[in-house]
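**Student:** For reference, the structure I am asking about is given below.
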Amino acid sequence: MTTTSRTSDDLFHALAARARATSDGRLVLTVICGLAATIAIAVWRPFGWMVIAGAGLCAAAFGAWGIADRELAEREAVHGSSVVVLRVVRVASVIVGTGAAILAVLVMLGGALGTWIS
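If you count the sequence shown from 1, position 64 lands on 147 in this note's numbering, and the numbers rise without skipping.
Take a look at the structure:
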């Protein structure tokens, strides 16, 4: 028995579809709130601050990717040309968001496991 995987089944495609369906204003608000929360939590540093800062950075990266993707699609449709800066912003957003999510998960696992003496 073979299983087939559609490209829309993975997390990245689901997030891309969600970002494309979100309004411009909400994407901008997501970037602003995500960055503000990340900075505030990094300055305050409560218990578990890296997890919360990672979530804020993930939200900001999601919004930045959505804005860059939408602008890129509009400029390609109108002018028929691609903009390199917008492509770089999309790639950087994916790298930053993925890195922040991985860091947040690792910090949560580290806190959950604690220190084990073997």
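Ideal Cβ positions, reconstructed from N, Cα and C, are used throughout, including at glycine.
From a predicted model like this one, the values you see are computed outputs, not experimental measurements.
Based on Cα-Cα distance, which residue from Ala138, His96, Trp132 lies nearest to Thr113?
**Tutor:** Comparing Cα-Cα distances from Thr113 to each of Ala138, His96, Trp132, the minimum goes to Ala138.
**Student:** Is DSSP giving Gly131 helix, strand or coil here?
**Tutor:** Coil, per DSSP.
**Student:** I'd like to know if the stretch 123-131 and the stretch 148-166 are in contact, where contact means that at least 3 CB-CB pairs between them fall below 8 Å.
**Tutor:** No, because fewer than three Cβ pairs between the stretch 123-131 and the stretch 148-166 fall closer than 8 Å, the two stretches do not touch.
**Student:** Please say whether Ala143 and Gly117 have beta carbons closer to each other than 7 Å?
**Tutor:** Yes; because the gap between Cβ atoms is below 7 Å, this pair is in contact.
**Student:** Helix, strand or coil for Gly137 per DSSP?
**Tutor:** Of the three classes helix, strand and coil, the one that applies to Gly137 here is helix, per DSSP.
**Student:** What would DSSP say about Asp93, mapped onto helix, strand or coil?
**Tutor:** Of the three classes helix, strand and coil, the one that applies to Asp93 here is coil, per DSSP.
**Student:** For Thr198, count the other beta carbons within 10 Å of its own beta carbon; 16 or more makes it buried, fewer makes it exposed. Which is it?
**Tutor:** Thr198 comes out exposed.
**Student:** Excluding the 5 residues flanking Ala183 on each side, which residues of the same chain have their C-beta closer than 6 Å to its C-beta?
**Tutor:** Once the five neighbours on either side are set aside, the close Cβ partners of Ala183 are Gly137, Leu140, Cys141.
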